[in-house]
Amino acid sequence: MRSPSARLRIGLALGFCLMAVLGALATGAYVSQSGRHLGADYAALAGDIVRAQEETAELRLALEGLMRAPGDSFHRQRVGKLLWLLPERMAGVRQALRRSELPRTDYSEVLGDFDQAAETLEALEGALAREAPDAGTVNQLGGELESTLAWAYSRLLDSIHGAAAEQRRLMKRLSLAVVVLLLLVLMVAGALMLALARIHRQWLSLHQLSVTDELTGLANRRRLWDRAQQQLALNRRDEGELSLLLADLDHFKHVNDRFGHPTGDAVLQAFSRELARLSRESDLVARLGGEEFAVLMPNTGIEGARRLGERLREATASLALPDRAQGHRLTISLGLAATHAGQEDLDQLYSRADTALYQAKQKGRNRLEIHTNS
């Protein structure tokens with residue numbers, strides 16, 4: 001099972017990766033959509049201008065055909081349609097220019113050319129309306145109209161292409177700025193996540209120190225009390241059993257006096273390892289202070305706790321002690337109490353186990369006594 005710190009690191013890493021992926025997708029979508037929008041605007045305007053150029057050239061050819069064959073209905077209908085279409089096309093281009101982001105100074109001369117072309121169109125329509133149009137006049141007006149509009153549309157296309165190129169450059173710079181900003185945000189987010197992970201790791205370390213006995217690495221009294229309170233609450237709900245075994249090393253003061261405190265600390269550590277080895281994973285092993293230890297056994301009755309206590313007593317008697325205490329025989333006294341369905345609070349349970357421990361010492365030590373709640 002992963003530790004809380006490991007789970008937090010994995011969660012932060014996944015969150016950072018998700019943020020990076022979403023940021024990359026959002027940036028890509030922004031760049032793609034903005035580029036498409038920009039290209040679509042200018043492409044539509046350029047398309048209108050190209051069609052207008054084609055229609056202007058087509059009008060010149062239709063006029064020449066009509067002058068060669070004045071009675072040809074096809075040429076007359078085609079000329080009439082183009083004379084109607086060209087003003088509409090110029091009006092559409094004017095409207096598109098007003099909606100565009102082009103500066104007015106870039107196309108103000110083109111608007112003047114449109115006004116001149118409109119006057120030429122009016123003159124051409126008047127010439128064609130005569131009963132016998134003069135071919136020279138019609139062709140001259142058609143040539144002037146084609147020349148004026150061709151020049152206007154050509155300059156307008158140049159302006160559009162230039163503006164589109166400039167917008168593309170600006171869009172590239174903006175896209176680069178967005179990418180850089182995203183990277184900075186990710187860097188800051190990553191730094192914050194790392195800081196959060198470090199703070200959480202430090203908090204776990206401090207918390208572990210606050211509930212762990214420094215010498216033996218076992219749980220301390222505070223952790224035992226917290227765990228016992230939780231277990232009693234569970235027992236009340238589930239009507240389970242809870243046993244508390246207290247163990248005290250017999251005549252441990254003689255060990256310190258004879259071999260010194262460093263050896264005494266080593267003996268405590270050796271005993272702690274043996275106590276932890278004999279206990280189950282579900283049990284909580286704690287050092288209460290000095291040479292007093294406790295084992296909290298959830299879902300365990302008197303008989304199961306007694307068997308553990310006897311195994312511990314026998315193992316302690318044969319425990320090989322370290323350093324200068326080699327050859328010394330260590331014994332322990334044990335007191336046991338159990339409660340069912342959370343009928344007692346922790347103080348009562350501990351008091352009964354402590355009474356049993358006192359009885360074990362009074363009866364000669366190296367024994368286990370049980371205090372039943374009768």
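Position one of the sequence shown corresponds to residue 1 (the working numbering), numbered consecutively onward.
Ideal Cβ placement from N, Cα and C applies to all residues, glycine included.
If you're wondering where the values come from, they're calculated on a predicted model, not measured in any experiment.
Check whether the Cβ atoms of residue 218 and residue 276 sit closer than 8 Å, and answer yes or no.
-> Contact: yes.
Considering just the uninterrupted stretch of the beta strand (DSSP E) at residue 284, what are its terminal residues? Counting along the chain, residue 284 sits inside the beta strand (DSSP E) bounded by residues 284-289.
*For residue 87, the three-state DSSP class (helix, strand or coil)*: In the structure shown, residue 87 sits in a helix (DSSP, three-state: H, G or I).
Practice item. Decide yes or no for the touch test of the stretch 337-350 against the stretch 238-252: beta carbon pairs closer than 8 Å, at least 3 of them. Key: Flag = yes, the stretch 337-350 and the stretch 238-252 touch.
**Asked** When the Cβ atoms of the stretch 328-337 are set against those of the stretch 357-370, are three or more pairs found closer than 8 Å?
**Response** The stretch 328-337 is in contact with the stretch 357-370.
Worksheet item: Can you give the Cα-Cα distance for residue 64 and residue 116, rounded to whole angstroms?
Response: Their Cα atoms are separated by approximately 22 Å.
key: Nearest candidate by alpha-carbon position, reference residue 236, set 96, 299, 224   = Of the listed residues, the one whose Cα sits closest to residue 236 is 299.
Checklist entry - Between residue 141 and residue 56, is the Cβ-Cβ spacing less than 8 Å? => result Against a cut-off of 8 Å, the Cβ pair of residue 56 and residue 141 comes out as no contact.
**Prompt:** Can you round the beta-carbon distance between residue 325 and residue 211 to whole angstroms, since I take them to be within the 8 Å contact cut?
**Reply:** No, residue 325 and residue 211 are not in contact; Cβ-Cβ is about 29 Å, not under 8 Å.
| residue 62 and residue 51 look like a contact to me (Cβ under 8 Å); what is the Cβ gap, rounded to whole Å? | With a contact defined as Cβ atoms closer than 8 Å, residue 62 and residue 51 miss out at about 16 Å.
Tell me, please, which residues DSSP counts as bridged to residue 292.
-> Bridge partners of residue 292: 248, 289.
**Report entry** Bridge-paired residues (DSSP) for residue 243
**Finding:** Paired residue(s): 297, 338.
### Query
What first and last residue would you give for the alpha helix (DSSP H) that runs through residue 261?
For residue 261, the uninterrupted alpha helix (DSSP H) run begins and ends at 261-278, by DSSP.
Range of the contiguous alpha helix (DSSP H) that encloses residue 303: Taken as a continuous stretch (DSSP letters only), the alpha helix (DSSP H) holding residue 303 covers 302-317.
TODO: Buried or exposed for residue 68, please, with buried defined as at least 16 other CB atoms from any protein chain shown within 10 angstroms of its CB.
DONE: The residue is exposed, with fewer than 16 neighbouring Cβ atoms inside 10 Å.
*Do residue 259 and residue 316 have their C-beta atoms closer together than 8 Å?*
Using a Cβ distance threshold of 8 Å, residue 259 and residue 316 do not count as a contacting pair.
Inset, instruction - Could you check what DSSP says for residue 38 in three-state terms: helix, strand or coil? - result: Because the pLDDT of residue 38 is 49, which lies under 50, any placement of that residue in the model is unreliable, and the number read from its coordinates should be weighed accordingly. Residue state for residue 38 is assigned as helix, using DSSP reduced to three classes.
Endpoints, alpha helix (DSSP H) assigned at residue 232: Run containing residue 232: 221-238, per the alpha helix (DSSP H) assignment.
Near residue 38, which residues of its chain fall below 7 Å by C-beta distance, leaving aside the five closest residues on each side in sequence? Unreliable placement is indicated for residue 38, whose pLDDT of 49 sits below 50; the coordinate value is still reported in the next sentence. Within the same chain, residue 38 has close Cβ partners 167, 171.
Residue burial classification, residue 192 (beta-carbon count within 10 angstroms, cutoff 16)
So residue 192 ends up on the exposed side.
Q. Using DSSP with H/G/I as helix, E/B as strand and the rest coil, what is residue 435?
A. Here the chain covers residues 1 to 374 and nothing more, so residue 435 does not appear.
**Report entry** Cut-off 6 Å between Cβ atoms - residues of its own chain near residue 151, not counting five sequence neighbours on either side
**Finding:** Sequence-distant partners of residue 151 (beyond 5 residues in either direction) whose C-beta falls short of 6 Å from its own C-beta are missing from its chain.
Report the three-state DSSP secondary structure of residue 355 (helix, strand or coil).
-> In this structure, residue 355 counts as helix in the three-state DSSP scheme.
Practice problem: Within its chain, find whatever has a CB closer than 6 Å to the CB of residue 239; leave out the 5 residues flanking it on each side and keep chain order. | Solution: These residues qualify, in order along the chain: 341.
Consult DSSP for residue 175 and reduce its assignment to one of helix, strand or coil.
Secondary structure at residue 175: helix, using DSSP grouped into helix, strand and coil.
Exposure of residue 231, with buried meaning 16 or more beta-carbon neighbours within 10 Å
Buried, by the Cβ-count rule.
Per DSSP, residue 333 forms a beta bridge with which residues?
-> The partner list for residue 333 (beta bridge, DSSP) reads 248.
Backbone CA spacing between residue 185 and residue 179 [nearest angstrom]: Near 10 Å, if we compare the C-alpha coordinates of residue 179 and residue 185.
Residue 268 and residue 283 closer than 8 Å at C-beta:
No, they are not a contact pair.
### Message
Does the contact criterion of 3 or more C-beta pairs under 8 Å hold for the stretch 83-92 versus the stretch 157-165?
### Response
Result no; under three Cβ-Cβ pairs closer than 8 Å.
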